[in-house]
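Undergrad: Protein chains in written order, with this note's numbering: chain G, 306 to 632; chain U, 9 to 336; chain A, 2 to 285. All residues carry an ideal CB built from backbone N, CA and C; glycine is no exception. A quick note: this is a predicted structure, and the numbers were derived from the prediction, not measured. Structure provided below as structure tokens; questions to follow.
Have a look at this one:
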């Protein structure tokens, strides 16, 4: 099977504090996954789980402490950024932060065209830019010469996508692309990803904390918790029949847009979050309803149940648990 | 039948700005009539730029330049009398604050003093409003209150920055409920919070409402949260209230085209069929379209929609819509 | 232009613009001076202001008005040299330190901090004594420039540090822009108000410094500047003798210059502030 992007045992440790007392936080802990061509892969989890750090390492904005990133069979190195970014592009969470508020948005487009030598003269450049804008539902006339503040959030996010498409990337890293966009405009952006996958064969690494849109648009999903991938597999299986207790907690806590399906039972929250990072065994042990003695001492192994990878002691051979679960 | 505790009549509040010589008017709240009952959770849903934060400010009487009250009234129902908020002076409003109506703004940190411990913040509140003299009594009241709501007692000894975002938000909400106000107004209390923490915050609000039997006005654009907690929902668009109904009906039988789009565009588990978002973009409040503000994006727009703003038609008891189509 | 019109709404800009124009005219009219300003006794001494000598004459036998034109001209030249050269140094060092970070940053900031920590005044005085013989407008300007960049380099560096973390930096990198064009194109618009206001402040400081050095007698006293004029007036006891026209001229001109420069700096940097600029874009 061809792998467009493979991440192997990627680890990033941040050490913070003064010279006298330093704490080390493992933001991503031996994270491994791969993305196939023409697939939408979701990396989901709550804030602080390490998903953005992973994205930054893939894009080269952060140095991994250890681990390997392989793109199209080649390991990425520090100097490899130019060819890497041609095949890989990104869109970010805050559409208004993505562009310099004091410059017109089209400047970035023309710069991309020039730097990657995508056109021979200005007329060709405009043609290419217009083509990409049309792919996202906009046109050159309504875009040229405008500052970021003259667009709405949803429009600007589409503009950001168009810029990313200029170099015909095979992989698009979308870091929380819709969390700052209004609910009614989210669908148009997310549908755009679907279209890019189906019509142009672009793969998308969709990073989000919104499991509903992740369910809607992705093929496979990985759930991250405090730096580890705790469950990974086809999205129907992971989100409709979650196995890991944390995934179950997430799934149950999503407020569904259906008054018939209200929450039952109160939730217990962790008071001091960074303690969870420093645990010895399973990091979820403090809140897990299925916790066992071994969970507090040993880091759980990665176990395969059907097509799904689960990082939990409950699913190892000697502790079988029923794998069906319904809401 | 439910008693009204807060209502507005044709409320108009605009921002009047002067940017380098040109005057711009932002019509944030444009002729809104509301009728909010006791002992209910009233949700206001709408997207960024629709005017809901301004509406909240008007409801709690926090209108300051450049925001101006252009027309209409906000009326509180207190001990049998109807009081116009605009007629109150600063001292009277101050007394009402936190005792009658509490405002939980977006971003809890603006309520908590970052340089004193939480128990001091609580004590300040109690002292300035309930007039209890002894520190012990105030402290006791705070402890009971926190414990009742299921929050751990040790947070009282902490500074705000030591707590997580979700915990701070819950502390702020608990503070808002300390003096047992009749109305709690919360502006996007769950935005930027994680899913599980969000659940905790919302459940806390519900718990408070259940205990105090008061009214909560909850503003959020997250329809999932609205579905989970609101009894009735009002949908705002471009400064106007376009539909209002009990929660079940908003989700089951939305009548306004905007509401319909909104409900249909929400992704649901178990269904990966393609959904469409609302086409176009929300209008700028500086430059509203003529007639019904939704007509440029509405698939069923009639000629009259471009000329005149529709009034509210009562489709059923408790369900009203501002749309020319529903009037027939 | 629209920009000038917008700026003129601010009374501070209007005043300072007019004042500076007037001072500039004054400086330029030095071209028409009838005598060499370094010569003494070209006119009768100590005359009050009259139709022939608009601002009277000094005890050195020089026309105060024509001296003033040279004084303003030379003070402006010194401060411009000091200001511009120190800007260039501050911007280069600040931007490189801010963007590169780590080792380069530490070394550059060490140098910059050293210049901040040493007692500037003493060092300038020492150096001025040493180079007094070759002191002229340009050398004085350069001397002041050498000591005027350290603070502002740090200010620009912090601006760059915060800009580096913003997402549009990442967008620019993904667009293939390399370091130097990135820093110039993306960060300059943010740095411009800083650079401009610190330029003006630096010019004010340079003028003040020059006056101080002159009063201490550490500059070439033959060259007429605001400082040297004042110095001569003081050493000739102009106040006691009542020659107010000679004493007041440099003082009034200096104060006018300071106020005008300050208001210019404040009004322009408010105008250029990215936050108000973004607002203006929306209002168009």
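1) So, helix, strand or coil for residue 161 (chain A), using DSSP?
2) Run through chain G and tell me which residues come within less than 9 Å of residue 276 (chain U), C-beta to C-beta.
3) With distances taken from CA atoms, which of G:505, G:395, G:528 is nearest residue 176 (chain A)?
4) Taking contact to mean 3 or more Cβ pairs, one atom from each stretch, closer than 8 Å, check whether the stretch 83-92 of chain U and the stretch 145-160 of chain U are in contact.
5) Chain G partners of residue 169 (chain A), CB-CB under 7 Å?
6) Is it true that the CB of residue 232 (chain U) sits closer than 9 Å to the CB of residue 517 (chain G)?
7) Applying a beta-carbon distance threshold of less than 7 Å, which residues of chain A neighbour residue 420 (chain G)?
8) Counting pairs of Cβ atoms below 8 Å between the stretch 59-76 of chain A and the stretch 225-240 of chain A, do you hit three or more?
9) Quick one: list the residues of chain G neighbouring residue 187 (chain A), beta-carbon separation under 8 Å, in chain order.
10) Is DSSP giving residue 321 (chain G) helix, strand or coil here?
11) How is residue 381 (chain G) classed by DSSP in three states: helix, strand or coil?
12) Short of 8 Å Cβ to Cβ, which residues in the stretch 478-491 of chain G face chain A?
13) Taking 8 Å as the threshold, find out whether the stretch 606-623 of chain G comes into contact with the stretch 535-550 of chain G through three or more Cβ pairs.
14) So is residue 243 (chain A) buried or exposed if we call it buried at 16+ other beta carbons inside 10 Å?
15) Can you name the start and end residues of the beta strand (DSSP E) that residue 15 (chain U) belongs to?
16) So which of U:280, U:308, U:294, U:212 has the shortest CA-CA distance to residue 26 (chain U)?
17) Quick one: which chain G residues come within Cβ less than 8 Å of residue 302 (chain U)?
18) Assess, as a yes-or-no matter, whether the stretch 586-604 of chain G is touched by the stretch 276-289 of chain U under the definition of 3 or more beta carbon pairs within less than 8 Å.
19) How about residue 489 (chain G) and residue 270 (chain U): do their beta carbons lie closer than 9 Å?
20) Using a Cβ cut-off of 9 Å (strictly closer), state whether residue 47 (chain U) contacts chain G.
21) Note down, in chain order, every chain A residue with its Cβ under 9 Å from the Cβ of residue 416 (chain G).
22) Cα separation between residue 554 (chain G) and residue 207 (chain U)?
23) Helix or strand or just coil, what does DSSP make of residue 297 (chain U)?
24) Does residue 285 (chain A) come out as helix, strand or coil in the three-state DSSP assignment?
25) Do you know offhand how far residue 83 (chain A)'s Cα is from residue 497 (chain G)'s?
26) Quick one: grab the DSSP three-state call for residue 236 (chain U).
27) Let me check understanding here. Comparing Cα to Cα, which of U:334, U:211, U:43 lies closest to residue 568 (chain G)?
28) Would residue 191 (chain A) pass as an interface residue toward chain G - the criterion being a Cβ-Cβ separation below 9 Å?
29) Which residues in the same chain have their Cβ closer than 8 Å to the Cβ of residue 458 (chain G), if we skip the five residues on either side of it in sequence?
30) DSSP on residue 479 (chain G), reduced to helix/strand/coil?
31) Could you give the distance in angstroms between the alpha-carbon of residue 446 (chain G) and the alpha-carbon of residue 415 (chain G)?
32) By Cβ distance below 7 Å, which residues in the same chain neighbour residue 198 (chain U) in space, the five residues on each side in sequence not counted?
33) With 9 Å as the threshold, decide whether the Cβ of residue 167 (chain U) is near any Cβ in chain G.
34) Tell me where the beta strand (DSSP E) around residue 191 (chain A) begins and ends.
35) When burial is assigned at 16 or more other CB atoms within 10 Å of the CB, is residue 204 (chain A) buried or exposed?
36) Assuming residue 151 (chain A) and residue 116 (chain A) are in contact, meaning their beta carbons sit under 8 Å apart, how far apart are those beta carbons, in whole angstroms?
TA: In brief:
1) In the displayed model, residue 161 (chain A) falls within a helix according to three-state DSSP.
2) 517, 520, 521, 561, 562, 563
3) G:395
4) no
5) 402, 403, 404, 405
6) Judged by their CB atoms, residue 517 (chain G) and residue 232 (chain U) are nearer to each other than the 9 Å cut-off.
7) 176, 177, 178
8) yes
9) 405, 408
10) strand
11) coil
12) none
13) Enough Cβ pairs lie closer than 8 Å, so yes.
14) exposed
15) Membership of residue 15 (chain U) in the beta strand (DSSP E) is indicated by the continuous run 12-27.
16) U:294
17) Correct list: empty, because the minimum Cβ distance to chain G is about 11 Å.
18) no
19) yes
20) It does not: the Cβ of residue 47 (chain U) has no partner Cβ on chain G nearer than 9 Å.
21) 173, 176, 177, 178, 182, 186
22) 11 Å
23) Residue state, collapsed to three classes: coil.
24) Reliability of the predicted coordinates at residue 285 (chain A) is poor, the pLDDT of 44 falling under 50, and the value obtained from them is presented with this limitation in mind. Coil.
25) 56 Å
26) helix
27) U:211
28) yes
29) So the qualifying residues of the chain are 400, 401, 485, 486, 487, 490.
30) strand
31) 15 Å
32) 206, 209, 210, 228, 230, 233
33) no
34) Under the DSSP assignment, residue 191 (chain A) falls outside any beta strand (DSSP E), being part of the alpha helix (DSSP H) whose first and last residues are 189-216.
35) With 16 or more other Cβ atoms within 10 Å, it is buried.
36) 4 Å
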